[in-house]
Each structure stands twice: as C-alpha cells, then as structure tokens.
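To start, the structure itself, in structure tokens.
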Amino acid sequence: MISMHGEPIDIAFRKPQAASRKPQAASRKPFSRNIDARHIFTAPTTATSRSLRSAPAFQKYIALRIGTCAPPRTPTLARRIIAQPTRSAHRADSQSQVTTRTEKGMAEEQQAKIINEGRRGFLARSSAWPVGMLMLPLAGCGDGDGVVPSAHAQDTPPPSGAGYTIDRSIQSPNQDSRVRTLVLHYTAQTLADSIASLTSPQRQVSAHYLVPDAADDGRRFKVFELVPQARRAWHAGVSYWQGDRMLNAGSVGIEIVNLGFPPEDENLPLMNRRWYPYPDAQVAVFGALAADVVAQHQVLPHKVVGHSDVAPGRKTDPGPLFPWKKLYDQYKIGAWPEAEAVDYYRVNRPFAGDVASLQSKLLAYGYDTPQTGTLDAQTVNVVSAFQMHFRPSRYDGVPDVETVAILDALLEKYFNRGRAINKQTLPGATAPTGEKGSDAWPLAPAPSR
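Numbering-wise (the UniProt record's numbering), the sequence shown opens with residue 1 and increments by one.
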C-alpha cells in the first residue's frame with residue numbers, strides 16, 4: 001500500500017495466465033503488497049531481474065502494472081520488486097508466493113478486469129502527484145527501440161478543465177532553449193541591501209541569481225536563486241544585443257555583490273572613479289555558476305555580456321575590474337580575441353579615424369550603435385562599454401588603434417569575418433545570425449537614439 005498525500009494507493013500484482021487454463025472463480029480479492037514509498041524499486045537478484053534494472057525494462061514493467069502496454073515477454077518479471085521491504089512487506093511477500101501458486105487458474109476475464117480497475121484508479125490518483133513521484137517513469141513502453149507513449153502522457157487534461165486535452169506524444173526536434181544571452185551585473189550594494197532591493201515589490205527589479213561577496217560560513221558560498229530560470233527576471237531593463245531588444249525575456253541575469261565605486265565618485269568620468277575589485281573566491285563561484293548556465297542553454301560566447309554592453313551609457317556594471325579574461329581562460333566563458341589576430345590588425349589595418357566603419361563593426365558585433373558617421377555621444381558610450389569589457393586599461397570612449405584591432409579580431413574569430421574582406425562590408429553581410437525560422441539579423445542598422 002503506497003500512501004501519497006494521505007490517500008492509499010493499491011497496486012495489485014498477479015502473474016499473467018495462459019489463455020488455455022480453465023477459468024476458476026476467485027475465492028478472494030487479489031492480494032496487494034505493502035510497498036513503502038521510501039524504498040527504491042529494484043528487481044530481485046536473478047538472471048531475469050537484471051534486465052528489469054535497466055530503465056526501459058523497468059518502465060515496461062510499471063506500464064504493464066497500470067495496463068498501458070502489452071505484457072513483457074518474460075512473465076516472471078512480475079515478481080518481487082522491493083529492495084529493502086518493511087516487516088509488513090516481508091510478511092506480504094511470503095503470503096504472495098502462496099497466493100501466486102494457489103491462484104494460477106484465475107480467468108483471463110477476471111485478470112483483465114483487475115488490471116483495468118487498477119489502471120483507472122492509478123491514473124485518477126496520480127493526476128495530483130508531482131513529477132517523478134515514486135520513481136515511476138511512465139515515458140512509455142515497447143519492444144526494440146520504438147517508443148509508444150503512455151496513455152497518461154497522451155491524454156493530459158489542461159489546467160483550466162476546458163474541453164480539450166494536450167497530446168505530448170509527438171515532439172519536434174526543431175527547438176532549443178529560450179535563453180539566448182547571459183547578462184552579468186554588480187549590485188552596487190551590500191549583500192543585505194542587495195537582497196532587499198531584488199525582492200522589493202516597490203523596486204521591481206530582480207535577477208535569477210545573486211552571488212554574495214563572501215562565504216557565509218567561511219568555507220562555502222551560498223548562491224541565492226531569486227527567480228527560476230524558467231521565469232523572466234527583471235534585470236536588463238531597456239537593453240539591446242545582436243538584434244534583440246528588451247533582453248529580459250531571453251536571458252539569464254546574475255547579480256554579483258560588489259559596491260562598484262564609492263558614491264562620491266558618481267559624477268566623475270569613468271577613468272577617474274575608484275572601482276572595487278572582485279575577490280578570487282567570489283570569481284570562482286560566479287565563474288562556475290556562469291559555466292553551468294552556459295552549458296545548460298548553449299549560450300554562445302559572444303552572448304555572454306555585461307549590463308554595460310547591453311545598455312551603454314545607462315549602465316556601467318560589472319565595471320572595468322570585472323575579470324572577463326580570467327573567466328575566458330579558466331572557465332571558458334564569454335568571448336576574447338586572439339592575441340595574434342589583434343597584432344595583425346594593429347600592424348596591417350590600423351584604425352585611421354573612419355568612424356562610419358567603426359560604427360558598422362560595433363553594430364556587427366552586437367552593440368546598439370548609431371550609424372551616423374560621426375563620433376556622437378552614444379557612439380562614445382558604446383566604445384567605452386566595449387573598452388571596459390575587452391581593453392580595461394583605457395575606457396574613456398575614445399577609439400584608438402588597439403581598440404579597433406581588438407574589435408576586428410573578435411569579428412574574425414566569432415563572426416567568420418576573414419582578413420581578406422573589405423573593412424567597409426556591412427554588418428548584415430558578415431554577421432551570422434544563428435537564428436532559425438525567421439529573418440536574418442541584422443537586416444538594417446539599429447536606429448540611432
């Protein structure tokens with residue numbers, strides 16, 4: 001007897017009978033084994049049971065018990081399934097052996113009735129169970145490599161109770177994660193103030209993760225998950241990256257506890273502000289966390305960005321002391337140019353003041369850059385954001401030979417922009433989109449603001 005949410009659930013076990021046996025009237029109800037939900041379902045230690053330990057055989061066996069597919073080829077699989085039974089289960093097991101021997105002549109019609117009743121009761125009760133309850137994988141059954149989805153998977157009632165069902169038996173392979181971008185921030189607050197701000201209904205800001213600046217017990221960091229990754233966190237605000245605007249819907253946001261710079265430096269130029277560094281222990285934590293997010297969602301290297309990259313001029317986090325190169329070297333996170341390519345462009349194609357070409361390249365890499373041909377204020381903000389990310393030794397927003405050489409090297413590495421391509425090539429012709437089922441990005445330069 002399994003009890004879930006206070007409701008007992010009977011699973012009857014019987015050995016399938018041959019159709020040629022003479023029907024006999026059942027003298028009593030079929031036995032039910034007392035199954036302790038704390039134990040893991042395993043097979044007995046026999047040669048036959050070894051196949052039951054594999055996931056497909058186990059799923060086939062469970063599906064048989066609720067009547068969702070044909071019986072397995074080996075009827076003896078419907079024997080003992082409790083690895084460490086309770087005392088009551090021991091007694092039930094000894095009684096079951098006698099019961100199995102004395103009831104071999106049960107009519108096929110009675111057997112089918114029992115299985116159907118058990119199936120209906122099981123499905124009715126299981127509708128409220130959480131996913132994975134009792135480790136009963138009802139993914140389906142079938143011989144060979146074919147998969148026949150279970151009735152429960154095919155006939156799922158919608159939450160609203162409307163007159164339709166959701167059939168999940170057919171899945172298209174043409175899909176991927178909704179998460180396209182990983183955005184990294186600093187909080188500019190202490191840990192306590194960061195938690196208060198990111199959970200305040202009045203502030204209306206949040207992030208998926210919050211990384212403290214120190215371990216809570218001196219040994220291990222406690223990373224706070226404030227918003228599940230399946231939900232949209234409010235962290236990016238007005239933002240743009242590689243053709244996408246308002247990045248909250250398609251990104252994961254990680255807030256890192258760091259004060260940024262002293263409040264009295266707020267009105268100073270970026271190069272004159274005193275920035276706070278990131279401790280090595282903290283870098284190790286958010287480096288590992290970012291690596292997990294990137295691996296889970298297959299985030300491309302050039303889509304791992306800072307808040308200042310997606311909102312240049314409006315935001316400066318995670319700041320010029322953020323260890324982008326260390327993340328790239330040690331955790332394989334984000335983009336970084338090859339030194340040889342930077343040297344090549346610095347020597348062979350030095351920047352000569354062509355602002356229109358610079359704006360075109362910045363847009364090609366992903367920045368929201370006006371295409372005015374002049375070094376306007378927004379272009380300066382974009383250049384400064386780019387420099388904080390890739391050339392933090394100088395981030396005053398003034399384009400120079402090294403800045404543009406780094407930009408050219410990044411376009412070559414991540415966007416297949418070969419060195420033989422003319423520098424004036426439009427970004428739409430050089431930047432691969434990676435997008436499927438829609439128009440290519442970008443069809444036209446982003447509008448200036």
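Backbone N, C-alpha and C fix where the C-beta goes; we use that ideal spot for every residue, glycine too.
Every value quoted in this text rests on a predicted model; they were computed, and no experiment measured them.
Burial state of residue i, where buried means 16 or more other Cβ atoms lie within 10 Å
| i | result |
| --- | --- |
| Gly-218 | exposed |
| Val-147 | With a pLDDT of only 41 at Val-147, under the threshold of 50, the placement of this residue in the model should not be trusted; the figure read from the coordinates follows. Its Cβ having fewer than 16 others within 10 Å, Val-147 is exposed. |
| Ala-335 | buried |
| Tyr-61 | Any reading at Tyr-61 needs caution, since the residue's pLDDT is 47, under 50, leaving its predicted position unreliable; the model's value is listed next. By the neighbour-count rule (16 or more Cβ atoms within 10 Å), Tyr-61 is buried. |
| Leu-52 | Confidence in Leu-52 is poor, its pLDDT being 42 and thus under 50, which makes the residue's placement unreliable; the coordinate value appears in the next sentence. Answer is buried; the Cβ neighbour count reaches 16. |
| Ser-169 | exposed |
| Gly-353 | exposed |
| Leu-410 | buried |
| Thr-45 | With a pLDDT of 43 at Thr-45, under the threshold of 50, the modelled position of that residue is not reliable, and the figure given next carries that caveat. Classification of Thr-45: exposed, given that the 10 Å Cβ count is below 16. |
| Arg-38 | The predicted position of Arg-38 is uncertain, since its pLDDT is 37 and thus under 50; a value taken from the coordinates is nonetheless stated next. Looking at its Cβ environment, which holds fewer than 16 other Cβ atoms inside 10 Å, Arg-38 is exposed. |
| Ala-188 | buried |
| Ala-230 | exposed |
| Tyr-164 | exposed |
Selection from the options that minimises the alpha carbon distance to residue i
| i | options | result |
| --- | --- | --- |
| Asn-258 | Gln-282, Gln-242, His-235, Ser-251 | Gln-282 |
| Phe-415 | Asp-309, His-235, Lys-361, Tyr-209 | Lys-361 |
| Asp-376 | Gly-397, Phe-390, Pro-392 | Gly-397 |
| Val-305 | His-389, Leu-289, Val-380, Asn-248 | His-389 |
| Ala-364 | Leu-289, Arg-419, Leu-407 | Leu-407 |
Endpoints, alpha helix (DSSP H) assigned at residue i
| i | result |
| --- | --- |
| Gly-287 | 280 to 297 |
| Val-382 | 377 to 390 |
| Leu-191 | 191 to 198 |
| Ile-406 | 401 to 415 |
| Glu-340 | 339 to 348 |
| Val-355 | 355 to 365 |
| Ser-308 | 307 to 310 |
| Trp-234 | Taken as a continuous stretch (DSSP letters only), Trp-234 belongs to no alpha helix (DSSP H), as it is neither H nor E. |
| Gln-330 | 324 to 331 |
Limits of the beta strand (DSSP E) - the one that residue i falls within
| i | result |
| --- | --- |
| Leu-182 | 181 to 186 |
| Val-211 | 209 to 211 |
| Gly-250 | Per DSSP, Gly-250 belongs to no beta strand (DSSP E) and is neither H nor E. |
Beta-carbon gap between residue i and residue j smaller than 8 angstroms
| i | j | result |
| --- | --- | --- |
| Trp-241 | Asp-309 | yes |
| Pro-320 | Tyr-278 | no |
| Tyr-186 | Pro-269 | no |
| Arg-180 | Lys-303 | yes |
| Val-382 | Thr-374 | no |
| Arg-203 | Ser-194 | no |
| Ala-385 | Lys-332 | no |
| Leu-182 | Val-294 | yes |
| Val-211 | Val-223 | yes |
| Ala-311 | Glu-255 | no |
| Arg-232 | Ala-249 | yes |
| Asp-400 | Phe-351 | yes |
| Arg-346 | Glu-402 | yes |
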